[in-house]
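Working notes, beginning with the structure itself.
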Amino acid sequence: MTVREIDLDGLRRREGAVVLDVRSPAEFAAGHLPGAVNLPLDELPEAARRFAGQDVVAVCASGGRSAMAAQVLDAAGARAWSLTGGTQAWVRAGHPIEQGATR
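First residue of the sequence shown: 2, per our numbering; consecutive thereafter.
Here it is in structure tokens:
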């Protein structure tokens, strides 16, 4: 299965997509994209069906875990993308991050 990737410009054009951060709660709390929802990758298989029919952009630190998450989400019926470069790319581009443990 091919993983669809999306870059930062594409993410901005995907208004209304769920931004799903698949890192651990501690990583998420340390800094995440504004408005992101945290669902660690190891919990995703049990919860992926709730995203069926939705646009979802999976995010991690650099893009590895989010690629795996996009595959799981696609198999569950979501239209999923992996954010190229993850939160590291977001920060390098000068975008703000939020901190805290909201899930």
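Ideal Cβ positions, reconstructed from N, Cα and C, are used throughout, including at glycine.
Nothing here was measured: the structure is a model prediction, and the numbers come from that model.
Following the DSSP letters along the chain, one finds Ser25 in no alpha helix (DSSP H), marked with neither H nor E. Trp82 and Gly101 have their C-alpha atoms some 24 Å from each other. The criterion of a C-beta distance shorter than 8 Å is satisfied by Phe52 and Val19.
Put simply, the backbone Cα of Ala90 is about 14 Å away from that of Ala59.
Assigned with DSSP and collapsed to three states, Leu40 falls in coil, not helix or strand.
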